[in-house]
Amino acid sequence: MNDKTRVLILCTGNSARSQMAEGLLRHDAGERFEVVSAGMKASFVRPEAIAVMRELGIDISRHRSKNVDEFQEQPFDYVITVCDNARETCPVFFGGAQKLHHDFEDPAATPGSEEERLAVFRRVRDQLRLYLQTSVMGGQ
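Rendered as structure tokens:
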């Protein structure tokens, strides 16, 4: 029997913020947490997200974008929404899960050069890590 705390991280497309958060929580506290991510509508994992996670030695290149419906019948201890759109449209079927929310900037919507976009992905990645450390991992 798995005694890990189960966490579902949601955002709109499951392409950047939730994918990075899944990778971070699994890397930083995978011995304590079973982590999955999903979107309200699945798309693809952004190459910029893969690149900035690789900078930390975290490989999310094999992640796939998943629709929240895949997890409809599964119990979770935490459901974390990382954008306002996901919070507003989050299904109510997650029952007794503790729900956490923080609206992070969407790095995928950033215009500009590749370096400018990567800078936003890095900033959001680092904000996600701090948020997960303080809100889920208990300040680790």
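Number 72 in the numbering used here belongs to position 81 of the sequence shown; there are no gaps in the numbering. Positions of the beta carbon are idealized from the N, C-alpha and C atoms, including for glycine.
Residue from A12, Y69, L1, E22 whose Cα sits closest to the Cα of E61 = The sequence position of residue 61 within the sequence shown is 70, counting from 1. Of A12, Y69, L1, E22, the residue nearest in Cα terms is L1.
So V36 packs on H54, CB below 8 Å; how close in whole Å?
-> Here residue 36 is taken as the residue at index 45 of the sequence shown, counted from 1. Here residue 54 is taken as the residue at index 63 of the sequence shown, counted from 1. V36 to H54, Cβ: 5 Å. Contact.
By Cβ distance below 6 Å, which residues in the same chain neighbour I71 in space, the five residues on each side in sequence not counted?
-> As a working mapping, residue 71 is identified with position 80 in the sequence shown. Cβ neighbours of I71 within its own chain (closer than 6 Å, five residues either side excluded): I0, L91.
Three-pair Cβ contact test at 8 Å for the stretch 101 to 108 versus the stretch 7 to 17 | The stretch 101 to 108 makes no contact with the stretch 7 to 17, as fewer than three CB pairs between them are under 8 Å.
Can you tell me which of the three DSSP states G30 falls into?
-> Translated into positions along the sequence shown, residue 30 becomes position 39. In this structure, G30 counts as strand in the three-state DSSP scheme.
For A100, the nearest candidate out of R(-3), T3, N(-7) (CA to CA) | By one-based count along the sequence shown, residue 100 stands at place 109. Taking only the C-alpha atoms, the option nearest A100 is T3.
Could you give the residue range of the alpha helix (DSSP H) that holds H18?
-> For the purposes of this step, residue 18 is identified with residue 27 of the sequence shown, where counting begins at 1. First-last of the alpha helix (DSSP H) with H18: 8 to 20.
Kindly list the residues whose CB is nearer than 7 Å to the CB of N5, restricted to its own chain and excluding five residues on each side of it in sequence; keep chain order.
-> By one-based count along the sequence shown, residue 5 stands at place 14. Only residues of its own chain outside the window of five on either side were considered, and among them S28, A29, G30, A33, S34, S56, K57 have a CB closer than 7 Å to the CB of N5, listed in chain order.
Buried or exposed: E39, going by 16 or more other Cβ atoms within 10 Å of its Cβ?
-> Numbered from its first residue, the sequence shown carries residue 39 at position 48. E39 is buried by the Cβ-count criterion.
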